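Student: Those sequence lines, one after another, are chains Y and E. With full-length UniProt numbering as the guide, the letters of the first sequence map in order to residues 1 to 249. With full-length UniProt numbering as the guide, the letters of the second sequence map in order to residues 1 to 249.
Number of protein chains: 2
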Amino acid sequence: MSDIVTAAMLVIGDEILSGRTKDRNIGHLAEMMTAIGIDLKEVRIVADDEDAIVEALNAIRARYTYVFTTGGIGPTHDDITADAVAKAFGLPCEHDERAYAMLAENYAERGMDFTEARKRMARMPRGAVHIDNPVSIAPGFRIENVHVMAGVPSIFQAMLDNVVPGLKTGTRLISVSIHCPAGEGTIGGPLGEIQKQHPDTIIGSYPKYLDGKFWTELVVRARTPEALAPAEEAVRQMVARLTDSAAAI
Amino acid sequence: MSDIVTAAMLVIGDEILSGRTKDRNIGHLAEMMTAIGIDLKEVRIVADDEDAIVEALNAIRARYTYVFTTGGIGPTHDDITADAVAKAFGLPCEHDERAYAMLAENYAERGMDFTEARKRMARMPRGAVHIDNPVSIAPGFRIENVHVMAGVPSIFQAMLDNVVPGLKTGTRLISVSIHCPAGEGTIGGPLGEIQKQHPDTIIGSYPKYLDGKFWTELVVRARTPEALAPAEEAVRQMVARLTDSAAAI
Chain Y
1 MSDIVTAAML VIGDEILSGR TKDRNIGHLA EMMTAIGIDL KEVRIVADDE DAIVEALNAI
61 RARYTYVFTT GGIGPTHDDI TADAVAKAFG LPCEHDERAY AMLAENYAER GMDFTEARKR
121 MARMPRGAVH IDNPVSIAPG FRIENVHVMA GVPSIFQAML DNVVPGLKTG TRLISVSIHC
181 PAGEGTIGGP LGEIQKQHPD TIIGSYPKYL DGKFWTELVV RARTPEALAP AEEAVRQMVA
241 RLTDSAAAI
Chain E
1 MSDIVTAAML VIGDEILSGR TKDRNIGHLA EMMTAIGIDL KEVRIVADDE DAIVEALNAI
61 RARYTYVFTT GGIGPTHDDI TADAVAKAFG LPCEHDERAY AMLAENYAER GMDFTEARKR
121 MARMPRGAVH IDNPVSIAPG FRIENVHVMA GVPSIFQAML DNVVPGLKTG TRLISVSIHC
181 PAGEGTIGGP LGEIQKQHPD TIIGSYPKYL DGKFWTELVV RARTPEALAP AEEAVRQMVA
241 RLTDSAAAI
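1. In angstroms, rounded to a whole number, what distance separates the CA positions of Y/Ala108 and Y/Phe114?
2. Please return the same chain residues whose Cβ sits closer than 6 Å to the Cβ of E/Gly204, not counting the five positions on each side in sequence.
3. DSSP state of Y/Met124, grouped into three classes?
4. Candidates Y/Pro92, Y/Pro134, Y/Val129 and Y/Ala82: which alpha carbon is nearest Y/Asn106's?
5. Cutting at 6 Å between CB atoms, please list the residues of its own chain near E/Ile4, excluding the five before and the five after it.
6. Could you pull out every residue in the same chain whose Cβ sits closer than 7 Å to the Cβ of E/Gly71, ignoring the five residues on either side in sequence?
7. Take Y/Thr224 and list the residues in its own chain whose beta-carbon comes closer than 6 Å to its own, dropping the five residues that flank it on each side.
8. For Y/Glu94, which residues from the same chain have a beta carbon less than 7 Å from its beta carbon, with the 5 sequence-adjacent residues on both sides left out?
9. For E/Ala8, which three-state DSSP category applies?
10. Rounded to the nearest angstrom, what separates Y/Phe68 and Y/Glu232 at their Cα positions?
11. Quick one: give me the first and last residue of the beta strand (DSSP E) that E/Gly204 is part of.
12. Determine the direct distance from the alpha carbon of E/Thr216 to that of Y/Phe214, and round the result to whole angstroms.
13. Looking at the structure shown, is E/Ile73 part of a helix, part of a strand, or coil, going by DSSP?
14. For the structure I just gave you, are there three or more beta carbon pairs, one from the stretch 185-194 of chain E and one from the stretch 146-165 of chain E, closer than 8 Å?
15. Does any residue of chain Y have a CB that is nearer than 9 Å to the CB of E/Ile203?
16. Straight-line CA distance for E/Gln197 to E/Leu173?
17. Could you tell me the distance, in whole angstroms, from the CA atom of Y/Asp48 to the CA atom of Y/Asp79?
18. Start and end of the alpha helix (DSSP H) containing E/Ala240?
19. If you check the beta carbons only, do E/Leu40 and Y/Leu17 fall under 9 Å apart?
20. Going by other Cβ atoms of all chains shown within 10 Å of its Cβ, with 16 needed for buried, is E/His179 buried or exposed?
21. Can a CB atom of chain Y be found closer than 9 Å to the CB of E/Tyr209?
22. For E/Gly37, which option in E/Lys168, E/Pro230, E/Thr243 and E/Val235 has the closest C-alpha, if you only look at C-alpha atoms?
23. Nearest-angstrom Cα distance between E/Pro92 and Y/Thr21?
24. DSSP three-state label for Y/Phe156, please.
25. Would DSSP call Y/Asp83 helix, strand or coil?
26. Whose C-beta lies closer than 7 Å to the C-beta of E/Pro75 among residues of the same chain, with five residues either side of it excluded?
27. Give every residue of the same chain whose Cβ lies closer than 6 Å to the Cβ of Y/Ala247, excluding the five residues on either side of it in the sequence, and list them in chain order.
28. Using a Cβ-Cβ distance under 9 Å, would E/Pro75 count as near chain Y?
29. Is it true that the CB of Y/Asp96 sits closer than 9 Å to the CB of Y/His147?
30. Can you find the residues in the same chain that come closer than 7 Å, C-beta to C-beta, to Y/Asn145, ignoring five residues on each side of it along the sequence?
31. Where do the ends of the beta strand (DSSP E) carrying E/Leu57 lie?
32. As a quick exercise: from Y/Ala227, Y/Arg24, Y/Met238 and Y/Ile53, pick the residue whose alpha carbon is nearest that of Y/Gly192.
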């Protein structure tokens, strides 16, 4: 189907893999993609390691419509994302003239040295297009289908807001969420039957566990209201039958 | 080096990629691995899709000492992890006799039907070893170096607690965290020099942004106190010089 647009995310950073920093960007990107009708198909988290970044990026950029990266675009020695992305594309990584000028002006205004480290933030693969950073000036960049953004959540979110309007979006998935007081073991059989009878839908079952009891959130998704409605009705009837049956709770 | 033990994590679930559920297991596994001296090198998140699971699992299980998966081991039609793992290993996926008996007994005690859906939770690749589930009985399993666990955080954490004592662990990384009031642009140059002079350490710089100001958390890691101490001292001296200099803040 031509209206399916896919995406993958590459999270770059030792601090996520060590557990020191808890990622907050995956969930944000996932929600945003769902909201605009792009299917996020895969996420990878890799270390600040050039070979790991190049390999992961080349694997996913060939496979999905869009790739979004976070992390590793700051000014320190462990910020190697721009170099790794350039290497993945076989492009030189060099100071971008406009980014360099923006940063030079910004630091001059603030009376701060434009250090070699800060100049690193103006580096990007030749031919990259800026992604504006309203928080702290140093831009992210897009090269072909890869969007390279900051790891600090407030900056990542601001950059993503600037990227989203330019994306080709798919037919949004519509969904309904249905609370089911029974656990998955009770509903697994009948729910599987409903999924089979409604192949145009994606029915998910998300087990929840609270105070020693299981309950389930059932989510029915489809690309049209016409596909969604009969599957939703079938799930609601299944839940109603269970609710009438004390044994199922 | 023979004392480096590596791991990768595979998170399985449409609900994470849609943003409906925010993953809470990556951070927990990452912290646990760091605590016991295993290097978590990579995380992948894939959908409830057999091909995607098989491909990702085969890529990472060959490369790292251990693999840990979360999600997709419940009783519903979208819980396909056991089948996908069996397929990745070229093994039949079948009811495990002991798991089947445990579940049958548990549901009988609770006066609940042992439905076809619930029986799904006893399926695992032939030859798999149980990972006990003290929360809700249905076990995870280990097959070779791959540990297959639940996605519900409380169950995942309980299963992981049962796995950890059996893992070969590496020489733990020791680390110190140093608060630096300056942003990365100020310290990037000198910090890179310190990293070069102390190649046995891993020096990380984690930008923080609060109320319009940047500060930085600097983390020095090493496998021995002898390697750590001189690098830590060099970083502390760098920070002290910056703190003395008003311009740097």
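We put the beta carbon where it would ideally sit given N, CA and C, even for glycine. Model, not experiment: these values are computed from the prediction.
Tutor: Taking the geometry as given:
1. 8 Å
2. Val219
3. Correct three-state label for Y/Met124: strand.
4. For Y/Asn106, the nearest C-alpha among the options comes from Y/Pro134.
5. Gly170
6. The answer, listed in chain order, is Val11, Ile12, Gly13, Thr81 and Gly151.
7. none
8. Cβ neighbours of Y/Glu94 beyond the five flanking positions: Arg123 and Arg126.
9. Per DSSP, reduced to three states, the secondary structure at E/Ala8 is strand.
10. 33 Å
11. If you look at E/Gly204, you'll find it in the beta strand (DSSP E) that goes Ile202 to Leu210.
12. 43 Å
13. coil
14. no
15. yes
16. So the alpha carbons of these two residues sit roughly 19 Å apart.
17. 7 Å
18. Pro225 to Asp244
19. yes
20. exposed
21. yes
22. E/Lys168
23. 39 Å
24. DSSP places Y/Phe156 in helix when its eight states are reduced to three.
25. helix
26. Ala117, Arg118, Arg120 and Met121
27. Unreliable placement is indicated for Y/Ala247, whose pLDDT of 46 sits below 50; the coordinate value is still reported in the next sentence. So the list is empty, once near-sequence residues are dropped.
28. Among the residues facing chain Y, E/Pro75 is included, as its CB has a counterpart in that chain under 9 Å away.
29. At least 9 Å separates the beta-carbon of Y/His147 from that of Y/Asp96.
30. Arg61, Thr65, Tyr66 and Val67
31. That residue, E/Leu57, is in no beta strand (DSSP E); its alpha helix (DSSP H) goes Glu50 to Arg61.
32. For Y/Gly192, the nearest C-alpha among the options comes from Y/Met238.
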